[in-house]
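Residue numbers (our numbering): 17 to 269. We treat Cβ as the ideally placed atom computed from N, Cα and C, and that holds for glycine. Here's the structure, in structure tokens; my notes come after.
In structure tokens:
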């Protein structure tokens, strides 16, 4: 947040606290709880918050991609979130979560910026197919950004889901959006285990691939210098997507 936006910052803190309460009431997996919300004052011009600390490490530090137990936990979490009442609301944001075609302009920029970094002609052809996938399922509640940095895991005795971060985006969206987690977090066999646990149909599964692609395509070039870990996440996700659709390519990464 810029210092000129304290009201917006406060609103986001309040919104995230409300989202955390909803998720805590719906799922056994912990999220940070807000215990204090401070006002701007001398020496710091913005609102501030204190949240509870969760045990575990992020999935960027410990790879859960081969853990069947983690895949089962992830399926449980997604089903818990989807069961949260949307209270009649529908997706109203400008980012991912509505129509796939809303990503056209962003992806065109990504294709241009990715020249020399990725096989742009191949990914253009894949996006041309994905963007035509129809939207059938109604909006359900989603976390909206289940990437490795927002997922906590315990490493012993087995890798399991131990917590969820950044819940402020909790809200109604295309239920396929939550399936970005399948491609960011899981390998081939555990990904199929997640799909089985969620009982996903072919259309929703393919739309999940499309949303994962729209996110991953931007990570590679945008964070190439500023955050190499995020850039590599994008590359790994793209390799998994490619492996699922190109014979002879690995999708078990």
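The alpha helix (DSSP H) enclosing residue 219, as first and last residue numbers: 218-238
Residues near residue 177 by beta carbon distance below 7 Å, same chain, minus five either side: 45, 86, 89, 90, 93, 167 and 169
Beta strand (DSSP E) runs wholly inside the region 99-178, at least 3 long, in chain order: 156-158 and 167-170
Residue range of the unbroken alpha helix (DSSP H) whose run includes residue 65: Residue 65 -> not in any alpha helix (DSSP H); beta strand (DSSP E) instead, spanning 64-67.
Own chain, CB closer than 7 Å to residue 71, minus 5 neighbours either side, in chain order: 178
Helix, strand or coil at residue 261 [DSSP, three-state]: helix
Segment contact flag, the region 213-229 with the region 145-161, C-beta cutoff 8 Å, min 3 pairs: yes
CB of residue 39 within 8 Å of CB of residue 183, strictly: yes
Residue 111 versus residue 174 - alpha carbon distance: 35 Å
Residue 224 beta carbon less than 8 Å from that of residue 122: no
Nearest-angstrom Cα separation, counted from residue 33 out to residue 19: Because the pLDDT of residue 19 is 48, which lies under 50, any placement of that residue in the model is unreliable, and the number read from its coordinates should be weighed accordingly. Their backbone Cα atoms lie some 21 Å apart in a straight line.
Backbone secondary structure at residue 244 - three-state DSSP: helix
DSSP bridge partner residues for residue 73 (one or two, in chain order): 169
Cross-strand partners of residue 54 (DSSP beta bridge): 64
Alpha-carbon to alpha-carbon, residue 23 and residue 103: 25 Å
Beta-ladder partner(s) of residue 189, from DSSP: 156
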